[in-house]
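Before any comments, here is the structure.
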Amino acid sequence: MSAAAPGLAIDVHDLRKSFGARRVIDGLSLQVARGEICGFLGGNGSGKTTTIRLLCGLLRADGGGGTCLGLDLLREAPRIRLLVGYMTQRFSFYTDLTVAENLEFVARLYGLSGVRRAIEEVLARIGLAGRRDQLAGELSGGWKQRMALAACLLHRPALLLLDEPTAGVDAKARREFWDMIHEMAAEGMTVLVSTHYMDEAERCHRVVYLAGGRLVVQGTADEVVRAARLVTFEANGTGIEQAAARLRHLPGVETAAVFGRALRVAGMERAALAAAIERLGDSGLTWQEVEPRLDDVFIHMLQGQEETS
Amino acid sequence: MSGFSLRRLLAMLHKEWRQMRRDPGTIGLTVMLPLIQLFLFGFAINANPRHLPTALVSADHSIYERDLVGALQNTGYFTLHRYPSAAAADEALARGDVLFVLEIPPGFARAVTRGDKPEVLMEADASDPVAVGSATAALLALNATALARDLPPDLRAPVPAPPFGIVLHQLYNPEQITALNIVPGLIAVILTISTLVMTSLAITRERETGTMENLLAMPVRPVEVMLGKIIPYVGLGYVQIGLILLVSVTVFGIPVRGSVVLLLGALGLFIACNLAMGFAFSTMARTQMQAQQLAQFAFLPSMMLSGFLFPFEGMPAWARAIGAWLPITHALRICRGILLKGNGWAEIWPDLWPMALFALIVGTIAVRLYRETLD
Ligand SMILES: Nc1ncnc2c1ncn2[C@@H]1O[C@H](COP(=O)(O)OP(=O)(O)O)[C@@H](O)[C@H]1O
Ligand SMILES: [Mg+2]
Chain E
1 MSAAAPGLAI DVHDLRKSFG ARRVIDGLSL QVARGEICGF LGGNGSGKTT TIRLLCGLLR
61 ADGGGGTCLG LDLLREAPRI RLLVGYMTQR FSFYTDLTVA ENLEFVARLY GLSGVRRAIE
121 EVLARIGLAG RRDQLAGELS GGWKQRMALA ACLLHRPALL LLDEPTAGVD AKARREFWDM
181 IHEMAAEGMT VLVSTHYMDE AERCHRVVYL AGGRLVVQGT ADEVVRAARL VTFEANGTGI
241 EQAAARLRHL PGVETAAVFG RALRVAGMER AALAAAIERL GDSGLTWQEV EPRLDDVFIH
301 MLQGQEETS
Chain P
1001 MSGFSLRRLL AMLHKEWRQM RRDPGTIGLT VMLPLIQLFL FGFAINANPR HLPTALVSAD
1061 HSIYERDLVG ALQNTGYFTL HRYPSAAAAD EALARGDVLF VLEIPPGFAR AVTRGDKPEV
1121 LMEADASDPV AVGSATAALL ALNATALARD LPPDLRAPVP APPFGIVLHQ LYNPEQITAL
1181 NIVPGLIAVI LTISTLVMTS LAITRERETG TMENLLAMPV RPVEVMLGKI IPYVGLGYVQ
1241 IGLILLVSVT VFGIPVRGSV VLLLGALGLF IACNLAMGFA FSTMARTQMQ AQQLAQFAFL
1301 PSMMLSGFLF PFEGMPAWAR AIGAWLPITH ALRICRGILL KGNGWAEIWP DLWPMALFAL
1361 IVGTIAVRLY RETLD
């Protein structure tokens, strides 16, 4: 493995990419340390998939550049491909081949020695051994994701690019999937994983948030929450649904949402938020200020994006 | 990982083979399509139809009437049915029950013996020229001799003595059996379907189902993907050629007068033309539907303007100009030429080089259009 830059697995600057007249990636810079699990967040169409495709050479950047695993993004794309495992957002294996046949095809394209052993190993590791002879098209969502992951891992890549790997998968399968990601990171693999799930974002070492093809914030979950400077209040009691509906339209309130038995409202200014709650009058609710959570912050950022676009 | 790798090509081929084997459509297309087409076109199309239903309205039951009817039937083109009146016969003609109405006037025999040279009316449904063309030609040669045997000697027409004679040798297909012309042409038509249509679909399918994205992200080179997609269809094409030749010879009695090796070689070039075109289509189409439409767009003129169904020389100049660019036009001539006429290298060369040129031009375009990235 070439290891010129020991620190960074991904180090790209000022990436730009347009489709026709539309600029989709607009000066994106991104650094991911080796061995890190980096969560890639952002609304639909914010450019996550495009960025990942630029990183593995499936798209050519219009401008900017950098290195991936110490290899130049533009000049050494073929070599990068050998070291990267890319799991596409959409399941893209042959539905008319079995799990083992799909893996065999991938292994042979990478020119692995000991194809059979490599397949058995990865099947055992991902817990797919029992389904090796099932047609890929007949697998359920969760098993499809596992198979795609297995295919990415066959050639023992140094960097995994996972594009919404757990979309549409049940909670248990998601948890197990993430356990595997952590195992692999512990072995030194770098993982860039895009997701819309906040619980998954919280399991990343670091998250980056993308909007309009630009990086908006990055850091650990705590850092991102703090940087947003959001103020959050929580209320308990009866009638929180009605209160939420009224609060949403009041100035100073950015979000008001019911979670179980609690109502959470968030805004940028404490005074304005307090005034809004004040205007509700005596509703029989008990209010208290709480720590903002990552999902409050992201909904806040998604809203900001809608207003500016 | 630079350049071409045989190992990766073999991996591609192995995968394609597995998919083809598992797809019932492939088997159907390889075996059933040629058989169905052969039997449809081989048995159903007849440009020289015989035994056409003919209404006979006769008010004169004489020996001459019997001579005339017998002569008509002997041509093989007419099957006569008696109708009671001219009105009933005309109705049958309008309905399409019969294609001809023959009216023998009352007193026909008497008029003949008197030397009045009476006229017999033959009405033909000429709405389809092909249906009645050969039959009417046969009819016009009939009147000089039909009654000769029973006429009194003085009424027999003097033996015509034209200033020169014509000796007609109908070469290659003397009995004018349509199948002998159509079936060799079918080789080219079926190959067009299985190679042009199928390759363009196969490659577009990878793009549409998203598997292309996976392929591009892996270390496989475009040329390996291309060959991996194309080679199975070359094989499939040759299996079909073998099948068609077998059925042609055993069922339709198609002669093989020229060299089979030469035929297989020339058809290889034709397959290359189709694959290049199919590949070019697949790079332009985003969905299988679009690829299908593009292929359809090429297929229709191939059927109509190539000389497969209608004589090439009978088309107007503009249509022949288009036809001359189509590889199938040349493949057709080569198939018919080698099988029916026993043509060799020298005779098929004028049809070989246009195909080579086509494959070169379209192949270059296809490679240019192929995108190694997703944009
Ligand atoms: N091949 C393409 N051609 C044109 N537009 C594209 C293409 N790929 C993506 N886009 C556009 O770029 C934007 C970003 O897309 P994408 O990177 O898929 O976002 P995300 O993965 O964050 O949802 C979207 O608006 C999408 O419509
Ligand atoms: Mg996406």
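Going line by line, the protein sequences match chains E and P. All residue numbers for the first sequence refer to this note's numbering, where the first residue is 1 and numbers rise by one. All residue numbers for the second sequence refer to this note's numbering, where the first residue is 1001 and numbers rise by one. Virtual Cβ for every residue (Gly too), placed ideally from N, Cα, C.
For L1236 (chain P), would you say it is in contact with chain E, using Cβ-to-Cβ distances shorter than 7 Å as the test? no
Could you tell me the distance, in whole angstroms, from the CA atom of S1005 (chain P) to the CA atom of V1234 (chain P)? 20 Å
What's the C-alpha gap between R34 (chain E) and A1356 (chain P)? 54 Å
Cross-chain neighbours of V1220 (chain P) in chain E, by beta carbon under 7 Å: Under the 7 Å cutoff, chain E gives L109.
Would K17 (chain E) pass as a contact of I10 (chain E) if the rule is Cβ separation under 7 Å? no
With 16 other CB atoms within 10 Å as the buried threshold, where does V1362 (chain P) fall? buried
Below 8 Å CB to CB, which residues in the same chain sit around T98 (chain E) once its five sequence neighbours on both sides are set aside? For T98 (chain E), where only same-chain residues beyond five positions count, the Cβ hits under 8 Å are R132, D133, Q134, L135, A136.
When you get a sec, list the residues whose CB is within less than 7 Å of any heavy atom of ligand 2, chain order please. A Cβ closer than 7 Å to some heavy atom of ligand 2 marks a residue here, and those residues are E:K48, E:T49, E:Q89, E:D163, E:E164, E:S194.
Less than 7 Å between the beta carbons of H1081 (chain P) and A1055 (chain P), yes or no? For H1081 (chain P) and A1055 (chain P), yes; Cβs fall inside 7 Å.
Straight-line Cα distance separating I1177 (chain P) from D1116 (chain P): 40 Å
State yes or no: is the C-beta of V258 (chain E) within less than 7 Å of the C-beta of I277 (chain E)? no
Does the Cβ of A3 (chain E) have 16 or more other Cβ atoms within 10 Å, making it buried, or fewer, making it exposed? Caution applies to A3 (chain E), whose pLDDT of 42 falls short of 50 and renders its modelled position unreliable; the model cannot decide the point.
Closest to G213 (chain E) by CA distance: which of E:C38, E:G7, E:K48 is it? E:K48
Name the chain E residues that come within less than 8 Å of D1274 (chain P), Cβ to Cβ? The sequence as given places Asn at residue 1274 (chain P); Asp does not occur at that position. Within chain E, no residue comes near N1274 (chain P); the closest Cβ sits about 25 Å away, beyond 8 Å.
Please confirm whether G1210 (chain P) has its beta-carbon closer than 7 Å to some beta-carbon of chain E. yes
Assign I1328 (chain P) to one of two classes, buried (16 or more other C-beta atoms within 10 Å of its C-beta) or exposed (fewer than that). buried
At a cut-off of 6 Å, would you count G212 (chain E) as near ligand 1, judging by its Cβ distance to the nearest heavy atom? no
So, at 7 Å on beta carbons, what are the nonlocal neighbours of M1212 (chain P) in its own chain, with the 5 sequence-adjacent residues on each side left out? E1206
May I ask you to report which of helix, strand or coil DSSP gives Q1290 (chain P)? helix
CB contact check: A1011 (chain P) to chain E, cutoff 7 Å: yes
The segment 174-182 of chain E contacting the segment 139-156 of chain E, beta-carbon criterion three pairs below 8 Å: yes
Less than 6 Å separating the Cβ of S46 (chain E) from some heavy atom of ligand 1? yes
Within 7 Å (strictly less), CB to CB, does A1217 (chain P) reach chain E? It does; some Cβ of chain E falls within 7 Å.
Could you name each continuous beta strand (DSSP E) segment of 3 residues or more that falls completely within the segment 163-226 of chain E, going from the start of the chain to the end? 190-194, 206-211, 214-219
Can you find the residues in the same chain that come closer than 6 Å, C-beta to C-beta, to M268 (chain E), ignoring five residues on each side of it along the sequence? Cβ within range, chain order: n/a, list empty.
List the DSSP bridge partners of K17 (chain E). K17 (chain E) pairs with E:I25.
Please confirm whether K1015 (chain P) has its beta-carbon closer than 7 Å to some beta-carbon of chain E. yes
Is it the case that the CB of F40 (chain E) approaches a heavy atom of ligand 3 more closely than 6 Å? Inclusion of ligand 3 in the displayed structure is not the case, the ligand content consisting of ligand 1 and ligand 2 alone.
With a cut-off of 7 Å, does the C-beta of Y197 (chain E) fall near any C-beta of chain P? no
F19 (chain E) beta carbon near ligand 1 (any heavy atom closer than 6 Å): yes
For A5 (chain E), collect the residues of the same chain with a Cβ closer than 8 Å to its Cβ; drop the 5 residues on either side in sequence, then sort them by chain order. Note that A5 (chain E) scores a pLDDT of 49, beneath 50, so its modelled location is shaky and nothing firm can be said.
Reducing DSSP to helix, strand and coil, say where V1256 (chain P) ends up. V1256 (chain P) carries a coil assignment under DSSP once its states are collapsed to helix, strand and coil.
Judging by CA-CA distance, which residue of E:F105, E:H300, E:L8 is the nearest neighbour of A228 (chain E)? E:H300
Partners in chain P for L96 (chain E), counting only beta-carbon separations shorter than 9 Å: A small correction: the amino acid at residue 96 (chain E) is Asp; Leu does not occupy that position in the sequence shown. Counting only Cβ-Cβ distances below 9 Å, D96 (chain E) has contacts in chain P at R1018, Q1019, R1022, D1023, in chain order.
Could you tell me the alpha carbon to alpha carbon distance between L250 (chain E) and T190 (chain E), rounded to whole angstroms? 44 Å
If you reduce the DSSP assignment to three classes, tell me which class R1221 (chain P) lands in. coil
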